[in-house]
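Numbered per mature numbering (1 follows the signal peptide of the UniProt record, and there is no 0), the sequence shown spans residues -23 to -1, 1 to 501.
Taking it in order: structure first as structure tokens, then the write-up.
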Amino acid sequence: MKPSVLQYLKFFLLFVFGEVTTAHVPDQDVLASLNKLPLDGHFSFSDMSTAAAAQDFGNLSSFKPAAVLHPGSVDDIATTVRHVFLRGEHSSLTVAARGHGHSLRGQCQSAGGIVIKMESLRTARMQVHSGASPYVDVSGGELWINVLHETFKYGLAPKSWTDYLHLTIGGTLSNAGVSGQTFRHGPQISNVKELEIVTGRGDIVTCSPEQNSDLFHAALGGLGQFGIITRARIALEPAPKMVRWIRVLYSDFTSFTEDQEMLISVERTFDYIEGFVIINRTGILNNWRSSFNPQDPVWASQFESDGGVLFCLEMTKNYNPEEVDNMEQEVNNLLHQLRHIPPSLFHTDVTYIEFLDRVHSSEVKLRAKGMWEVPHPWLNLMIPKSSIHTFAREVFGKILKDSNNGPILLYPVNKFRWDNRTSVVIPDEEVFYLVGFLSSAPSSSGPYSVEHTLNLDNQIIEFSDKAGIGVKQYLPNYNTEQEWKAHFEARWETFLRRKNAYDPLAILAPGQGIFQKALLPLSS
């Protein structure tokens, strides 16, 4: 086959300028051939479809694909990836799996390539299996909120969650999936029994800790680099009906962190534990009153927060209505061990589903105000316990003068709950902290702008590097191979070996920016 005019153009640019963003110049003959593939679903090439696939929650990057696949089956995904793979090194096409589009820096995008709309795969019915070791088989494109509703019908639910449930199974498992249950059950990737994956060669592979285990562990936390997760078998546990939801405030960071570390180390403890940092905000308890009840209304009304830095500890205890007396006794025993500000004790009782889906109610309000589709320059870090005080002294109140841009999360987890065979990278200490700066940037200038927020993010990273904090990024974002190597450290060689084994042409997840698909010159 003779090379096309566009192929000549690409290699002319490569020869003259030394580089070219080839992904933006798709092979027209390849794109035309996509329509000829035998599919249960279909491709879309319209501007509307490709523009939608070029957006994500972060709203910081936008790279249009050439085509969007709406798969009607797993075979559609395998057929498409295999088609691209068989084009060899001469094709510039790459493939990105897109779940609910909640990546932050274009990780679910594929410039000039193919985006697979994974939510189209939600055609297969979830299969819930009860018994001694219950589990659910679910499509990689299914949302966690739907998994919750379906498994709850059987009195069951997954063990580990994210704070926001309108994310796909494949999306969170490609990262880790963390929330306030992580200290007890590990991240979501520690609660998977089996996966079905389409590799970068277009092969459909079933894998588990016992079968094709290298691919299984590679894909979990693998940032989409080794395959597209099309099905997952998720471990379940009995689901409670109700939750006691508690909030307290601290003014002392040492008490705040030591109390959290105590709570995650004991067997009889809360079921969910997360901390928040609040900087220069007033009227905190008044804001809580809309959803929570003060333990002592008179005492709470006398509490005044005059700015400065405060720390909120949020905890829950699961229970069923007939267990309320035992629950209250356990909660009171735990609360008596804490050193929070006494008037700040607030609580409420909600259903288990209401608690787990709590962020969605905020989403609805923000969407109504047009504040959901704004840039989100988030920074998520994992910090060793030994460095958390040094980090906090510099960041809270110095680099960050307030927390008005969005929530700041800070809570500890146990390393032994994470499987070191997976691809996710964590600090090498038995306890480390998850710290999330969940900023929104609705303005074009000033303190609520993208530029200002990214500058603060960079200051935090630069300080952490200079001070030897030992930070690892969660949902990592780097621009060079050197930075990625530093992120993975000794595990880089394993990551590279797995890439060569399962996606040797670097077709998958180009938006992560870890590997770039290399084009070889066409033979005459």
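All C-beta atoms in this analysis are idealised placements derived from N, C-alpha and C, irrespective of residue type, glycine included.
Because the structure is a prediction, the values reported are computed rather than measured.
query: Boundaries (first-last residue) of the alpha helix (DSSP H) holding Asn432; result: Val427 to Lys443
query: Secondary structure, alpha helix (DSSP H): runs of 4+ residues fully inside the region 344 to 384; result: 365 to 372
query: Residue(s) in a DSSP beta bridge with Phe288; result: Tyr227 and Val254
query: Backbone secondary structure at Gln306 - three-state DSSP; result: helix
query: CA-to-CA distance, Ala277 to Gly76, given in whole angstroms; result: 43 Å
query: Of the residues Ala196, Arg475, Gly490 and Pro481, the one placed nearest Glu66, counting alpha carbons only; result: Pro481
query: Rounded separation between Ile122 and Glu214 - CA only; result: 16 Å
query: Within 8 Å, strictly: CB atoms of Asp434 and Pro352; result: no
query: Residue ranges of each beta strand (DSSP E) within the region 134 to 217, 3 or longer; result: 169 to 176, 181 to 184 and 204 to 215
query: Segment contact flag, the region 36 to 49 with the region 89 to 100, C-beta cutoff 8 Å, min 3 pairs; result: yes
query: Beta-carbon separation (whole angstroms), Ile255 vs Leu287, contact threshold 8 Å; result: 5 Å
query: Identity of the residue in Leu192, Phe40 and Gln158 nearest Asn477 by Cα; result: Leu192
query: Cβ pair Phe323, Arg224 closer than 8 Å; result: yes
query: Beta carbon proximity, Gln165 to chain B, threshold 8 Å; result: Looking for chain B here will not work: only one protein chain is present.
query: Asn168 classed as buried or exposed, judged by whether at least 16 other C-beta atoms fall within 10 angstroms; result: buried
query: Opposing strand residues paired with Leu240 [DSSP bridges]; result: Its beta-bridge partners do not exist; DSSP assigns none.
query: C-alpha distance - Asn271 paired with Pro320, whole-angstrom precision; result: In the sequence as displayed, the identity of residue 271 is Pro instead of Asn. Cα-Cα distance, rounded: 8 Å.
query: N- and C-terminal bounds of the alpha helix (DSSP H) containing Thr328; result: Not the alpha helix (DSSP H): Thr328 falls in the beta strand (DSSP E), residues Phe323 to Thr328.
query: Contacting residues, own chain, Cβ-Cβ under 8 Å from His337 (five flanking each side not counted); result: Ile122, Tyr141, Leu142 and His143
query: Three or more C-beta pairs below 8 Å linking the region 405 to 414 and the region 354 to 374; result: yes
query: Candidates Lys41, Ile318 and Asp17, of which the one nearest Ala55 by Cα; result: Asp17
query: Whole-angstrom distance between His106 and His126, CA atom to CA atom; result: 15 Å
query: C-alpha distance - Phe40 paired with Ser87, whole-angstrom precision; result: 7 Å
query: First and last residue of the uninterrupted beta strand (DSSP E) at residue 562; result: This structure gives no information on residue 562, because the portion of the chain shown stretches from -23 to 501.
query: Asn391 beta carbon near the ligand SAH (any heavy atom closer than 7 Å); result: The ligand SAH is not among the ligands present in this structure, which contains no ligands whatsoever.
query: Among Leu343, Gln306 and Asn295, nearest to Ile330 - alpha-carbon criterion; result: Asn295
query: Spatially closest choice to Phe269 from Pro164, Leu98 and Trp222, by CA coordinates; result: Trp222
query: Three-way DSSP call (helix, strand, coil) for Thr457 in this model; result: coil
query: Separation of Val72 from Met(-23), as counted between CA atoms; result: Below a pLDDT of 50, predicted positions are generally treated as unreliable, and Met(-23), at 37, falls in that range; no measurement from the model is reported.
query: His19, DSSP secondary structure in three states; result: strand
query: Range of the contiguous alpha helix (DSSP H) that encloses Ile261; result: Ile261 to Trp265
query: Extent of the continuous alpha helix (DSSP H) to which Val61 belongs; result: Val51 to Leu63
query: Where Ile403 falls: helix, strand or coil (DSSP); result: coil
query: Anticipated Cβ contact below 8 Å, Ala209 with Val115, distance rounded; result: 6 Å
query: Nearest-angstrom Cα separation, counted from Ser417 out to Asn189; result: 41 Å
query: Identity of the residue in Gly201, Leu172, Gly179 and Cys85 nearest Glu187 by Cα; result: Leu172
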